[in-house]
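Asker:
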Amino acid sequence: MASTALHLASARLTTTHVKRLAWLTLAWNILVVLWGAIVRATGSGAGCGNHWPLCNGEVIPHTPRIDTIIEFTHRMMSGGAVFLTLALLLAIFATSERLQPARRAIVVATVLLFNEAILGALLVKLGYVTGNRSIGRVVLLSIHLSNTLLLLGAYTLTAYFLERPWRFTISRRNLWLSAVGLFSTLIVGVSGSLAALGDTLFPATSLRAAFVQDFASNSPMLLRLRSVHPLSAFLATVFVIWLLKRSWGSPLANFVLGLLAFQIALGFADLLLLAPTWMQVLHLLGADLYWAALLWLSARQTFPITKELHA
Numbered sequence: 003m004a005s006t007a008l009h010l011a012s013a014r015l016t017t018t019h020v021k022r023l024a025w026l027t028l029a030w031n032i033l034v035v036l037w038g039a040i041v042r043a044t045g046s047g048a049g050c051g052n053h054w055p056l057c058n059g060e061v062i063p064h065t066p067r068i069d070t071i072i073e074f075t076h077r078m079m080s081g082g083a084v085f086l087t088l089a090l091l092l093a094i095f096a097t098s099e100r101l102q103p104a105r106r107a108i109v110v111a112t113v114l115l116f117n118e119a120i121l122g123a124l125l126v127k128l129g130y131v132t133g134n135r136s137i138g139r140v141v142l143l144s145i146h147l148s149n150t151l152l153l154l155g156a157y158t159l160t161a162y163f164l165e166r167p168w169r170f171t172i173s174r175r176n177l178w179l180s181a182v183g184l185f186s187t188l189i190v191g192v193s194g195s196l197a198a199l200g201d202t203l204f205p206a207t208s209l210r211a212a213f214v215q216d217f218a219s220n221s222p223m224l225l226r227l228r229s230v231h232p233l234s235a236f237l238a239t240v241f242v243i244w245l246l247k248r249s250w251g252s253p254l255a256n257f258v259l260g261l262l263a264f265q266i267a268l269g270f271a272d273l274l275l276l277a278p279t280w281m282q283v284l285h286l287l288g289a290d291l292y293w294a295a296l297l298w299l300s301a302r303q304t305f306p307i308t309k310e311l312h313a
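Under my numbering, the first residue of the sequence shown carries the number 3, and numbering increases by one thereafter.
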C-alpha cells in the first residue's frame, strides 16, 4: 500500500514537472520571437553574414559587431528552444498515455520548430534581411511569420492538453467558428509584422507623412500593404467578440477581451509614436499573449469535457 502511494505521488510530481516544462518552453519561444523582432527592427539580420548555421564562418564569433551580437544571440536562443522542445517531447512521451492529445501537439510543435529554422536559414542565405525590399522577402517572411504563430499555437495546445483531462468531446460547430476566428487573427499578426517591416525600411518623419506614404501611388508595396493591418484587425476583432458571446462573463473570456483591448491601445500608441523599436516589441508581446489566450479559449470551446457540456 505504501509503495503504491509513493508511486502515485511520484507520478503526480513527474506530471507537474512536465507541465512546468511546457509553460517554460512556450515562454522561451515567445522570448525568441521578441528577440527576432529586435533583429529585424535594428537591421541586424545580416550580423552573421551569409552564413548559417555558422556565424561569419565561425562557431562563435571572436570580434563581433553589435549587429553580430544581436543576430548571434537570436540563434543561440533558437538553439535553446530546440533543446527545450526535444526535452518536452521526450518527457511527454515518457509520462503520458498513448492517446494523450498533448503527444500530437508537441509532435506538431517539433515539426514547426524545424520548419522555423529552415525558413530563418533561407531568409539569411537568400539575403532577405536588413534593407532588402524585394517581393521575395515579403512572401517568405509571410510564410515564416505564419509558421511562427502556428508554432506558438502548438506549444499552447501542448500546455492545454497537459492541464486538462484528456477525454473530451469535439464540438464541430465551435471547431469551425474557432478556426475562422483564429485564421483571421493569424492574418492580423502576419500583416502587422509586415507593417512593422515597412516602418523599419521606410521610417516616416510624422504621422501625416506616414499616411501619405501609405496611399501614394508610387509607394513601395510594403507601404501600401500597411493599411491591411488595421483593416484586418478591425474585422478580426468584430468576429472574435461575436465568438466570445458563448463564453461571455467567464474569467477566461474577460482575460481575452482585456488582452484584445490592450492590443488595440498598443496599436494606436505604436501608430502615434511612429513605431519605435521598443513599442514594436511591446506590441508583439501583446499579440503573442493574445494569440495564446484566444487559442486556449477556442480549445475550451472546441474540446469541452463532459462536466463543461452540462455546466
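Positions of the beta carbon are idealized from the N, C-alpha and C atoms, including for glycine.
(1) Assuming LEU227 and LEU203 make a contact with CB atoms under 8 Å, what is their CB distance in whole Å?
(2) Would you report the Cα separation of GLU99 and THR17, rounded to the nearest angstrom?
(3) Of the choices LEU199, ALA218 and SER219, whose alpha-carbon is the least far from that of GLN282?
(4) Around the Cβ of ALA255, are there at least 16 other Cβ atoms within 10 angstroms (buried) or fewer (exposed)?
(5) Just to confirm, are ALA111 and ALA181 a CB contact at a threshold of 9 Å?
(6) Could you spell out where the alpha helix (DSSP H) holding ILE120 opens and where it closes?
(7) Given a cut-off of 9 Å, decide if SER80 and GLY183 are closer than it, judged by their beta-carbon atoms.
(8) Name the one or two DSSP bridge partners that GLU60 has.
(9) Find out if the Cβ-Cβ distance for the pair THR171, PHE305 is shorter than 9 Å.
(10) Hey, quick one: how far does the alpha helix (DSSP H) through GLY269 stretch, first residue to last?
(11) Cα separation between PHE74 and PHE85?
(12) What are the boundary residues of the alpha helix (DSSP H) that PRO232 is part of?
(13) State the start and end residues of the unbroken alpha helix (DSSP H) segment that holds SER148.
(14) What residue range is occupied by the uninterrupted alpha helix (DSSP H) comprising ARG100?
(15) Kindly list the residues whose CB is nearer than 7 Å to the CB of ALA104, restricted to its own chain and excluding five residues on each side of it in sequence; keep chain order.
(16) Do you know offhand how far ALA238's Cα is from VAL230's?
(17) For LEU43, I'd like the list of residues in its chain whose CB is within less than 8 Å of its CB, leaving aside the five on either flank, ordered along the chain.
(18) Between ILE120, ILE71 and ALA277, which has its C-alpha nearest GLY51's C-alpha?
(19) Once DSSP output is grouped into helix, strand and coil, what is the label at VAL131?
(20) On the three-state DSSP scale, how would you describe LEU184?
(21) On a Cα-Cα basis, can you pick out the residue from ASP290, TRP298 and VAL140 that is closest to LEU177?
(22) When we look at the beta-carbon of ASN220 and count the other beta-carbons within 10 Å, is it buried (16 or more) or exposed?
(23) Exposed or buried, which one is ILE108 when buried takes at least 16 other CB atoms within 10 Å?
(24) For THR27, count neighbouring Cβ atoms within 10 angstroms of its own Cβ and tell me buried if that reaches 16, exposed if not.
(25) Apply the 10 Å Cβ neighbour rule to THR207 and answer buried if 16 or more other Cβ atoms are within range, or exposed otherwise.
(26) Do you know how far the Cα of ARG67 is from the Cα of PHE241?
(27) Do you know how far the Cα of ALA235 is from the Cα of LEU124?
Answerer: Taking the geometry as given:
(1) Residue 227 sits at position 225 when you count from the first residue of the sequence shown. Residue 203 sits at position 201 when you count from the first residue of the sequence shown. So it is not a contact: roughly 12 Å between Cβ atoms.
(2) Here residue 99 refers to the residue found at position 97 of the sequence shown. Here residue 17 refers to the residue found at position 15 of the sequence shown. Those two C-alpha atoms are separated by around 12 Å.
(3) By 1-based counting over the sequence shown, the position of residue 282 is 280. With distances taken between Cα atoms, GLN282 lies closest to LEU199.
(4) For the purposes of this step, residue 255 is identified with residue 253 of the sequence shown, where counting begins at 1. Burial call: buried.
(5) In the sequence shown, the residue the question calls residue 111 occupies position 109. In the sequence shown, the residue the question calls residue 181 occupies position 179. Their beta carbons are not under 9 Å apart, which means ALA111 does not touch ALA181 by this criterion.
(6) Position 118 of the sequence shown, counted from the first residue, corresponds to residue 120. Where ILE120 is concerned, the enclosing alpha helix (DSSP H) stretches over 103-127.
(7) By one-based count along the sequence shown, residue 183 stands at place 181. By one-based count along the sequence shown, residue 80 stands at place 78. No, these two residues do not count as a Cβ contact at 9 Å.
(8) Within the sequence shown, the letter at position 58 stands for residue 60. Per DSSP, CYS57.
(9) Numbered from 1 along the sequence shown, position 169 holds the residue referred to as residue 171. Numbered from 1 along the sequence shown, position 303 holds the residue referred to as residue 305. In contact: THR171 and PHE305 (Cβ atoms closer than 9 Å).
(10) Residue 269 sits at position 267 when you count from the first residue of the sequence shown. Element bounds for GLY269: 253-274.
(11) Residue 74 sits at position 72 when you count from the first residue of the sequence shown. Residue 85 sits at position 83 when you count from the first residue of the sequence shown. So the two alpha carbons sit approximately 17 Å from each other.
(12) Taking the first residue of the sequence shown as position 1, residue 232 is located at position 230. PRO232 -> alpha helix (DSSP H) spans 230-245.
(13) Numbered from 1 along the sequence shown, position 146 holds the residue referred to as residue 148. Run containing SER148: 137-165, per the alpha helix (DSSP H) assignment.
(14) Walking along the sequence shown from the start, residue 100 turns up at place 98. It is not in any alpha helix (DSSP H) - ARG100 carries neither H nor E in the DSSP assignment.
(15) Along the sequence shown, one-based indexing puts residue 104 at 102. For ALA104, same chain residues with a beta-carbon under 7 Å away, outside a window of 5 residues either side, are ILE94, SER98, THR160, PHE163 and LEU164 in chain order.
(16) Reading the sequence shown from its first residue, position 236 is the one you call residue 238. Reading the sequence shown from its first residue, position 228 is the one you call residue 230. C-alpha separation (whole angstroms): 12 Å.
(17) Within the sequence shown, the letter at position 41 stands for residue 43. Reading off the sequence, residue 43 comes out as Ala, not Leu. Non-local beta-carbon contacts of ALA43 in its own chain, meaning distances under 8 Å to residues more than five positions away in sequence, involve ALA198, THR202, THR279, GLN282 and VAL283 in chain order.
(18) The count along the sequence shown starts at 1 and reaches residue 51 at position 49. Looking from the CA of GLY51, the closest CA among ILE120, ILE71 and ALA277 belongs to ILE71.
(19) Reading the sequence shown from its first residue, position 129 is the one you call residue 131. DSSP places VAL131 in coil when its eight states are reduced to three.
(20) By 1-based counting over the sequence shown, the position of residue 184 is 182. Correct three-state label for LEU184: helix.
(21) For the purposes of this step, residue 177 is taken as the residue at position 175 of the sequence shown. The option with the nearest alpha carbon to LEU177 is TRP298.
(22) On the sequence shown, residue 220 is found 218 positions in, with the first residue counted as 1. ASN220 comes out exposed.
(23) Here residue 108 corresponds to residue number 106 of the sequence shown, with the count starting at 1. With 16 or more other Cβ atoms from the protein chains shown falling within 10 Å of its own Cβ, ILE108 counts as buried.
(24) Counted from its first residue, the sequence shown places residue 27 at position 25. Buried is the label assigned to THR27, since at least 16 other Cβ atoms lie within 10 Å of its Cβ.
(25) Locating residue 207 in the sequence shown gives position 205, counting from the first residue. Sixteen is the threshold: since fewer than 16 other Cβ atoms of the shown chains lie within 10 Å of the Cβ of THR207, the residue is exposed.
(26) To locate residue 241, count along the sequence shown from 1; it is residue 239. To locate residue 67, count along the sequence shown from 1; it is residue 65. Answer to the nearest angstrom: the Cα atoms are 46 Å apart.
(27) Stepping through the sequence shown from its first residue, residue 124 is reached at position 122. Stepping through the sequence shown from its first residue, residue 235 is reached at position 233. So the two alpha carbons sit approximately 29 Å from each other.
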